[in-house]
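S.K.:
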Amino acid sequence: MARKKISLLIIAFLAISTFGYAQLGGAHDYSDSSYIAPRNMKQQDDFLANKGNFPSKPRDQWQFGIFVGYPYVDGDCPTAFKGLGSGFQSYTYGFGVSLRKAMGYVFSIRGSFAYYNMLGLDYQPNSNFNNSPVIMNLYQGTNTRYIHNHRTMAFVPSIEGLVSLSNIMFHTKQKRWNVYGLFGYGALIYNTKMNIMKPDGSSYAAEFLQVANAYSSGVKRVELRKMLRNLLDGSYETQAEVNDRRPGLNKNWHIRHCFTSGFGVEYRVGKSWSLSLEYKRMQTRDDYVDGWYRQSGDLRFPVFTSEWDNVAFGGIGANFNIGNSKKRVPPLWWLNPLEFAYADLNNNKQAIAKMFKVKDDDNDGVLNELDLEPNTPEGCPVDTHGVTADTDGDGVPDCKDKEKLTLQKCFPVDADGVGNCPEPPCCDSLANKINNIGVVGTNSKECNIKDLPSVQFRANSYKLTSDAEAVLSVIADKIRNNPNCNVKVIGYGNKTKAQQQLSWDRVNAIIRYLVEQQGIAENRFIFSYGSESDGDLLSVDLIPTMETGPNTVQPPHPQLRKAKTTKKAAKRSPF
Numbered sequence: 000m001a002r003k004k005i006s007l008l009i010i011a012f013l014a015i016s017t018f019g020y021a022q023l024g025g026a027h028d029y030s031d032s033s034y035i036a037p038r039n040m041k042q043q044d045d046f047l048a049n050k051g052n053f054p055s056k057p058r059d060q061w062q063f064g065i066f067v068g069y070p071y072v073d074g075d076c077p078t079a080f081k082g083l084g085s086g087f088q089s090y091t092y093g094f095g096v097s098l099r100k101a102m103g104y105v106f107s108i109r110g111s112f113a114y115y116n117m118l119g120l121d122y123q124p125n126s127n128f129n130n131s132p133v134i135m136n137l138y139q140g141t142n143t144r145y146i147h148n149h150r151t152m153a154f155v156p157s158i159e160g161l162v163s164l165s166n167i168m169f170h171t172k173q174k175r176w177n178v179y180g181l182f183g184y185g186a187l188i189y190n191t192k193m194n195i196m197k198p199d200g201s202s203y204a205a206e207f208l209q210v211a212n213a214y215s216s217g218v219k220r221v222e223l224r225k226m227l228r229n230l231l232d233g234s235y236e237t238q239a240e241v242n243d244r245r246p247g248l249n250k251n252w253h254i255r256h257c258f259t260s261g262f263g264v265e266y267r268v269g270k271s272w273s274l275s276l277e278y279k280r281m282q283t284r285d286d287y288v289d290g291w292y293r294q295s296g297d298l299r300f301p302v303f304t305s306e307w308d309n310v311a312f313g314g315i316g317a318n319f320n321i322g323n324s325k326k327r328v329p330p331l332w333w334l335n336p337l338e339f340a341y342a343d344l345n346n347n348k349q350a351i352a353k354m355f356k357v358k359d360d361d362n363d364g365v366l367n368e369l370d371l372e373p374n375t376p377e378g379c380p381v382d383t384h385g386v387t388a389d390t391d392g393d394g395v396p397d398c399k400d401k402e403k404l405t406l407q408k409c410f411p412v413d414a415d416g417v418g419n420c421p422e423p424p425c426c427d428s429l430a431n432k433i434n435n436i437g438v439v440g441t442n443s444k445e446c447n448i449k450d451l452p453s454v455q456f457r458a459n460s461y462k463l464t465s466d467a468e469a470v471l472s473v474i475a476d477k478i479r480n481n482p483n484c485n486v487k488v489i490g491y492g493n494k495t496k497a498q499q500q501l502s503w504d505r506v507n508a509i510i511r512y513l514v515e516q517q518g519i520a521e522n523r524f525i526f527s528y529g530s531e532s533d534g535d536l537l538s539v540d541l542i543p544t545m546e547t548g549p550n551t552v553q554p555p556h557p558q559l560r561k562a563k564t565t566k567k568a569a570k571r572s573p574f
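Mind the numbering: the sequence shown is residues 0 to 574 in numbering that gives the first Met the number 0, read in order.
1. Helix, strand or coil: how does DSSP classify R511 here?
2. S502 to N522, Cα distance in whole Å?
3. Name the residue from R511, D289 and Y214 whose alpha carbon lies nearest to the alpha carbon of F579.
4. Mark I158 as exposed unless 16 or more other C-beta atoms lie within 10 angstroms of its C-beta, in which case mark it buried.
5. For T383, count the other beta carbons within 10 Å of its own beta carbon; 16 or more makes it buried, fewer makes it exposed. Which is it?
6. Rounded to the nearest angstrom, what separates R220 and L83 at their Cα positions?
7. Of the residues A508, T78 and K56, which one's Cα is nearest the Cα of M102?
8. Take Y278 as the anchor and find which of A497, K358, F182 and Y235 has the nearest alpha-carbon.
9. Taking C-beta to C-beta, are V72 and T151 nearer than 8 Å?
10. Can you grab the Cα-Cα spacing for the pair H556 / G548, in whole Å?
11. Pull the bridge partners of H149 from the DSSP assignment, please.
12. If you measure between the beta carbons of G518 and Y491, is that distance less than 8 Å?
13. Measuring only the C-alpha atoms, how far is A340 from S271?
14. Tell me, which residues are paired with W176 by DSSP?
15. Do you know offhand how far V365's Cα is from G385's?
16. What did DSSP end up calling Q43 once you bin it into helix, strand or coil?
17. Please check the pair P156 and F112, which I expect to be a contact at CB under 8 Å, by giving their CB distance rounded to whole angstroms.
18. Does DSSP classify K326 as helix, strand or coil?
19. With a floor of 4 residues, list each alpha helix (DSSP H) that falls wholly inside the segment 461 to 490, ordered by position along the chain.
20. Could you say which of N309, R267 and N49 lies nearest to R284 if we only look at CA atoms?
21. Span of the beta strand (DSSP E) holding A309?
22. Less than 8 Å between the beta carbons of P380 and D360, yes or no?
23. Can you confirm whether R38, when its beta carbon is compared against all beta carbons of chain C, has any partner nearer than 8 Å?
24. Would you grab the beta carbon distance between T390 and K403 for me? Rounded to a whole angstrom, and I think it's under 8 Å.
25. Of the choices L187, N148 and N127, whose alpha-carbon is the least far from that of G140?
26. Where N374 and N177 are concerned, what is the direct C-alpha to C-alpha distance, given to the nearest angstrom?
27. Is W252 near N212, with beta carbons less than 8 Å apart?
28. Pull up the distance between the alpha-carbon of M193 and that of Q209, whole angstroms please.
29. Grouping DSSP H, G and I as helix and E and B as strand, with all else coil, what is M281?
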């Protein structure tokens, strides 16, 4: 029966919540100092001055609530919404007020005061005459069993902690629903009475016998209770027994200190009010609350019932925010503090996007804000900074350079990127072949490679760059097409041991690449490092020659070699 009443409360709550709708606004602006208490202003000032990472907690409103619902004793006697008699007292009901204050975004404290009118009405005859001396005197000597009933009136002050479970969310905005759990302390101040005799002091033996016969014949519970309501007057004249070992206000009103627990859900209808649905239980540690504390059995050896009587309440409430809304935010359990952080992050992203206008005026693929060369000629390749590519470093961009791999010794170059080295003496026909196809007949006994470009390295490195590999690919083609030519690979740097070793590593890297990656025979190279001439320390020259010489030499100072600085193509020497 109690479950049915609570289900009706839930339906009523959902029906009311569907009609309430109001715009709740966006996230709270934590930079607004008008909501900050004076004692917390220093932290707020540090936050606004970028001296601290956390804003002060804003002042929030209190919440005042009123509630009504269905209380009942979870004990030995079945609960009943409609008891005996007539009038308001013949119904089970409860009502009260509450005051709640947030301690943080998750935890809040609530004090409440309620009045419960709890009714119980059994429909099964029993012989538990030792529940009360009055019952024993009226019914023990008869052949009739009595039917238990009670009315328990209670005042319930309580203080409880509430834990919100749904306001701090990482991936959704603030919701209208707030689910919470509760625990705390409640005092049950109660008085229990029974209706077991008529106004003249006589028993209901005949009436109870009539109901007992109907019970034995299989009449349903609902009809049995209707019979009881018609037969009994509902005066609740008899004071129920009480555990006199426990404290009480007087002989009729008793106080029990209880642990309370429960859960609820709150729906925010508008900015300043909400509806709530809640279920709460009180552990009384008292078996006398419903007036039934003895089991059936031998009256000479009365036995207590096996479980305590607990009190439960399911109710619906209306809650109102109190406090100046211009100086206080709504109760903190309605705010998601992460919403401000996410909004601030998004605003910063938008501000940064406005600062950087996505434009590329010269269409070189590099944004104006990152382009170091804003007027790149159309069609010229550029690096990541928007600067026109210049492979040989002669100052003429590749897109205009007619000699993209000019030797450094031929610098400076003309406007077309062509070096100033004189043409070697040769016949016009041979020069024409070299210029057009870069090869000569395989039957020639002379080396007809005119010049080979130098290979550039980064400082303190012998790793072949992608540009260096491109240069070596061109060189490999010339060597293949001129089988009578050998190549002397010359590295520079002789002043220190480190220079000598680095010179060796660079020469070795080039020869290894040409042999292993390009398939050139190793005996076509002359290994020369540590040259004392004034060559560029960052360059390795490749000189075509008819001479022969050693193609591998031992590293001069292998202990100075830098590990793992070359690509797979530039493997170490077998020495």
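All C-beta atoms in this analysis are idealised placements derived from N, C-alpha and C, irrespective of residue type, glycine included. These figures come from a predicted structure and were not determined experimentally.
M.R.: For this structure:
1. For this step, residue 511 is matched to residue 512 along the sequence shown. The three-state reading of DSSP puts R511 in helix, counting H, G and I together.
2. If you number the sequence shown from 1, residue 502 lands on position 503. If you number the sequence shown from 1, residue 522 lands on position 523. Here the alpha carbons of N522 and S502 stand approximately 20 Å from one another.
3. Outside the shown range of the chain (0 to 574) lies residue 579, about which nothing can therefore be said.
4. Numbered from its first residue, the sequence shown carries residue 158 at position 159. Result: exposed.
5. Mapped onto the sequence shown, residue 383 falls at position 384. Classification for T383: exposed.
6. To locate residue 220, count along the sequence shown from 1; it is residue 221. To locate residue 83, count along the sequence shown from 1; it is residue 84. Approximately 15 Å, taken between the alpha carbons.
7. Residue 102 sits at position 103 when you count from the first residue of the sequence shown. Residue nearest to M102 within the set A508, T78 and K56 is K56 (criterion: CA-CA distance).
8. Working through the sequence shown from its first residue, we reach residue 278 at position 279. Shortest Cα-Cα distance from Y278 to any of A497, K358, F182 and Y235 involves F182.
9. Position 73 of the sequence shown, counting from 1, holds the residue named residue 72. Position 152 of the sequence shown, counting from 1, holds the residue named residue 151. Yes, these two residues count as a Cβ contact at 8 Å.
10. Locating residue 556 in the sequence shown gives position 557, counting from the first residue. Locating residue 548 in the sequence shown gives position 549, counting from the first residue. For H556 and G548, the distance between alpha carbons rounds to 22 Å.
11. Your numbering for residue 149 matches position 150 in the sequence shown. DSSP output for H149 lists G119 as bridge partner(s).
12. The sequence position of residue 518 within the sequence shown is 519, counting from 1. The sequence position of residue 491 within the sequence shown is 492, counting from 1. The Cβ atoms of G518 and Y491 do not sit closer than 8 Å to each other.
13. In the sequence shown, residue 340 corresponds to position 341, counting from 1. In the sequence shown, residue 271 corresponds to position 272, counting from 1. Counting only the Cα atoms, S271 lies some 24 Å from A340.
14. Reading the sequence shown from its first residue, position 177 is the one you call residue 176. Bridge partners of W176: Y266.
15. As a first step, residue 365 must be located in the sequence shown, where it is residue number 366. As a first step, residue 385 must be located in the sequence shown, where it is residue number 386. Rounded to whole angstroms, V365 to G385 spans 6 Å at the Cα level.
16. The count along the sequence shown starts at 1 and reaches residue 43 at position 44. Looking at Q43 - three-state DSSP - the assignment turns out to be helix.
17. Mapped onto the sequence shown, residue 156 falls at position 157. Mapped onto the sequence shown, residue 112 falls at position 113. So it is a contact: roughly 5 Å between Cβ atoms.
18. Walking along the sequence shown from the start, residue 326 turns up at place 327. In this structure, K326 counts as coil in the three-state DSSP scheme.
19. Look at the segment 461 to 490 and you find these whole runs of alpha helix (DSSP H), each 4 residues long or longer: 465 to 479.
20. For this step, residue 284 is matched to residue 285 along the sequence shown. Among N309, R267 and N49, the Cα nearest to that of R284 belongs to N309.
21. Counted from its first residue, the sequence shown places residue 309 at position 310. In the sequence on display, residue 309 carries Asn and not Ala. Residues D308 to I321.
22. Looking up residue 380 in the sequence shown gives position 381. Looking up residue 360 in the sequence shown gives position 361. Contact check for P380 against D360 fails: the beta carbons are separated by 8 Å or more.
23. Reference to chain C is not applicable here, since this structure consists of a single protein chain.
24. Here residue 390 is taken as the residue at index 391 of the sequence shown, counted from 1. Here residue 403 is taken as the residue at index 404 of the sequence shown, counted from 1. Approximately 5 Å separates the beta-carbon atoms of T390 and K403; this is inside 8 Å, confirming the contact.
25. Residue mapping note: residue 140 aligns to position 141 of the sequence shown, counting from 1. It is N127.
26. On the sequence shown, position 375 is the one that residue 374 refers to. On the sequence shown, position 178 is the one that residue 177 refers to. Roughly 60 Å separates the two Cα atoms.
27. The sequence position of residue 252 within the sequence shown is 253, counting from 1. The sequence position of residue 212 within the sequence shown is 213, counting from 1. For W252 and N212, no; Cβs fall outside 8 Å.
28. For the purposes of this step, residue 193 is identified with residue 194 of the sequence shown, where counting begins at 1. For the purposes of this step, residue 209 is identified with residue 210 of the sequence shown, where counting begins at 1. Their Cα atoms are separated by approximately 19 Å.
29. Reading the sequence shown from its first residue, position 282 is the one you call residue 281. For M281, the three-state secondary structure derived from DSSP is strand.
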